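Here is the structure we will look at.
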Amino acid sequence: MLHMDMDAFYASVEQLTRPTVRGRPVLVGGLGPRGTVAGASYEARQYGARSAMPMAEARRRCPVAVVLPPRFRVYQAVSAKVLGIVREVSDVVQQVSIDEAFLEPTELAGAETATVERFATQLRARVLGEVGVIASIGAGSGKQLAKIASGLAKPDGMLVVPPERELELLSGLPVRKMWGVGPVTESKLHRIGVHTIGELAALHLNDVTSLLGQALGTELHRLAHGIDDHPVAERAEAKQVSAETTFDVDITEQARLLSEVVGMAEAAHRRLVASGRAARTVTLKVRDSDFTTISRAETFPSATSDLAALTAAARRLVPVAVPPGTPIRLVGVSYSGLATSEQAPLFDNPADQQEGPAPVAAPTAGPDPTPAPRQWRAGDDVRHTEFGHGWVQGSGHGRVTVRFETAATGRGVARTFAVDDPQLSAADPLDSLGW
């Protein structure tokens with residue numbers, strides 16, 4: 001069984017389509033006050049920046065980074081092309097997210113390690129040569145081991161674990177590497193002195209189930225012994241992504257409740273981004289001390305993956321769902337109405353940064369005001385009638401600098417124009433692929 005994971009996917013696609021930033025630190029994500037890193041290149045990770053980190057912190061850690069807004073339509077297109085190659089070489093495929101998949105080629109059943117390594121090498125070469133992105137591949141007897149192996153192979157590597165070495169490899173790894181082991185489970189295991197998978201495997205099954213519960217304990221104990229019979233099979237696409245938490249003690253303070261809602265909105269957003277989708281509807285779920293569950297939702301005109309907009313909607317739902325002072329034991333945020341593309345505004349919507357609806361200005365008499373000059377955001381895709389496709393490197397004082405290049409052209413030249421130059425217009429981000 002193999003697991004393929006495309007390295008630093010969002011940032012890698014930006015480096016592919018914008019050759020000027022290849023080899024440079026790149027951060028992909030929102031620039032607003034609540035902006036989050038959706039992707040960080042390996043060059044940026046060397047400074048301590050990483051995905052899911054607040055953008056402000058990532059920029060402090062890596063002040064030399066090029067910061068670009070996410071372009072999910074481009075990521076989806078690259079993902080589809082890579083998965084097309086994968087499906088050509090394997091009859092059994094399970095896409096896990098936009099940038100990773102399990103595959104189980106029939107031709108590799110019972111194959112020797114060298115044969116699997118040759119297959120993985122050829123697949124990695126095809127992905128790089130035909131699409132232009134790097135994929136790391138891990139292989140083992142089960143899904144968990146294959147995924148662990150691909151993680152160990154990163155960046156830009158391959159690791160095939162022979163059956164006779166599987167338990168040796170697993171035994172020295174931290175328990176957090178296992179599926180189903182999050183911070184809470186990890187803490188429980190650490191409290192009894194279990195830090196590695198080998199130490200977990202050495203426990204008696206009854207001790208594990210009494211600590212973690214029958215279902216989770218049994219599952220983890222089997223995985224720790226290298227027993228993994230999870231099949232590779234396509235899953236139905238989720239209708240929503242969500243995150244929720246139950247408090248040890250009911251909370252009543254409105255500020256604390258808002259903070260928890262923001263945390264759940266951000267956690268659900270990370271899952272939304274990982275799936276490469278956008279959402280139209282934000283739903284807030286709360287459960288009070290009497291176990292009464294209340295849900296309230298807000299729907300946007302079009303799907304978005306903007307964290308600021310989604311978080312602001314979740315915050316607006318709090319006073320609608322919860323009277324002040326109500327003891328709350330659970331809070332959750334979910335995103336639904338999922339789409340694989342979004343209709344994003346060219347500019348940030350100020351209403352997304354405030355608590356309530358934006359005030360509506362009273363109409364004024366007289367002629368229409370002069371339209372504000374067009375503005376451009378760094379990272380926007382543009383087209384010039386003479387120079388072709390490019391992207392905005394910066395703008396200000398009525399001027400905009402555009403770098404004209406695509407994945408197919410190599411590093412291009414930069415030119416500066418007036419922001420309202422009639423030869424300059426917004427472009428389809430997919431054109432940056434040069435396909």
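full-length UniProt numbering applies: residue 1 is where the sequence shown begins, and numbers increase by one.
Every residue, glycine too, gets a C-beta built ideally from N, C-alpha and C.
Please read these numbers as outputs of a predicted model, since none were measured by experiment.
Assumed close pair residue i, residue j - CB separation to whole angstroms, cut-off 8 Å
i, j, result
"Pro-155", "Tyr-42", "5 Å"
"Glu-104", "Val-232", "4 Å"
"Val-322", "Leu-258", "Their Cβ separation, rounded to whole angstroms, is 10 Å, which puts Val-322 and Leu-258 out of contact at 8 Å."
"Thr-113", "Val-160", "5 Å"
"Thr-246", "Arg-329", "6 Å"
"Glu-10", "Gly-39", "Correcting the residue type first, residue 10 is Tyr in the shown sequence and not Glu. Sure, about 3 Å apart at Cβ, within 8 Å."
"Val-133", "Val-82", "7 Å"
"Leu-338", "Ala-77", "Contact doesn't hold; Cβ gap of about 18 Å is too wide."
"Arg-403", "Gly-412", "6 Å"
Start and end residues, beta strand (DSSP E) containing residue i
i, result
"Ser-79", "Where Ser-79 is concerned, there is no enclosing beta strand (DSSP E), although the alpha helix (DSSP H) it sits in stretches over 72-89."
"Val-28", "26-29"
"Arg-296", "293-304"
"Asp-5", "2-6"
"Ile-197", "Not the beta strand (DSSP E): Ile-197 falls in the alpha helix (DSSP H), residues 197-202."
"Gln-94", "93-97"
"Gly-32", "Element bounds for Gly-32: n/a, residue is neither H nor E."
"Arg-403", "399-404"
"Met-158", "158-160"
"Leu-330", "328-336"
"Thr-281", "279-288"
"Gly-213", "First-last for Gly-213: undefined, no H or E at that position."
"His-389", "388-396"
Counted within 10 angstroms of its Cβ, other Cβ atoms place residue i as buried (16 or more) or exposed
i, result
"Glu-166", "buried"
"His-397", "exposed"
"Gly-110", "exposed"
"Ile-137", "buried"
"Thr-299", "exposed"
"Trp-435", "exposed"
"Arg-277", "buried"
"Pro-429", "buried"
"Leu-205", "exposed"
"Gln-393", "buried"
"Ser-79", "buried"
"Ala-312", "buried"
"Glu-14", "buried"
For residue j and residue i, the rounded distance between their alpha carbons
i, j, result
"Thr-281", "Ser-302", "9 Å"
"Gly-29", "Val-37", "5 Å"
"Ala-149", "Ala-265", "31 Å"
"Asp-306", "Leu-203", "45 Å"
"Val-208", "His-190", "12 Å"
"Thr-20", "Val-74", "18 Å"
"Thr-416", "Leu-108", "54 Å"
"Leu-31", "Glu-57", "11 Å"
"Gly-84", "Val-127", "10 Å"
"Lys-239", "Leu-27", "29 Å"
"Leu-145", "Gln-375", "49 Å"
"Ala-378", "Pro-54", "19 Å"
"Ala-153", "Ala-135", "10 Å"
"Ser-171", "Glu-199", "7 Å"
"Thr-292", "Glu-244", "16 Å"
"Gly-390", "Gln-122", "33 Å"
"Ala-408", "Asp-250", "57 Å"
"Arg-50", "Ser-289", "37 Å"
"Asp-248", "Val-194", "24 Å"
"Arg-270", "Val-241", "9 Å"
"Ala-427", "Gly-388", "10 Å"
"Gly-213", "Ser-395", "57 Å"
"Gly-129", "Gln-254", "54 Å"
"Arg-71", "Leu-173", "36 Å"
"Val-131", "Ala-65", "25 Å"
"Ile-227", "Val-262", "39 Å"
"Thr-326", "Leu-310", "24 Å"
"Ala-125", "Val-89", "13 Å"
"Val-400", "Leu-68", "16 Å"
"Thr-406", "Ala-297", "40 Å"
"Leu-216", "Arg-87", "33 Å"
"Ser-141", "Ala-274", "26 Å"
"Arg-287", "Pro-324", "14 Å"
"His-230", "Pro-319", "43 Å"
"Glu-186", "Asp-431", "45 Å"
Below-8 Å beta-carbon distance, residue i vs any chain D residue
i, result
"Glu-112", "The question asks about chain D, but that chain is absent: this structure has only one protein chain."
Host alpha helix (DSSP H) of residue i (start-end)
i, result
"Ser-150", "143-153"
"Arg-61", "55-61"
"Val-320", "307-321"
"Leu-123", "113-130"
"Ala-44", "42-45"
(Q) Any contact between the region 280-300 and the region 325-335? By contact I mean 3 or more CB pairs, one from each, below 8 Å. (A) yes
(Q) If contact is defined by three or more beta carbon pairs under 8 Å, each pair taking one atom from either stretch, is the region 84-102 in contact with the region 3-17? (A) yes
Q) Below 8 Å, can you find three or more Cβ-Cβ pairs linking the region 384-402 to the region 419-433? A) yes
Q. Does the count of Cβ pairs from the region 174-181 and the region 204-223 closer than 8 Å reach three?
A. In the pairwise beta carbon analysis, the region 174-181 is classified as touching the region 204-223: at least three pairs are separated by under 8 Å.
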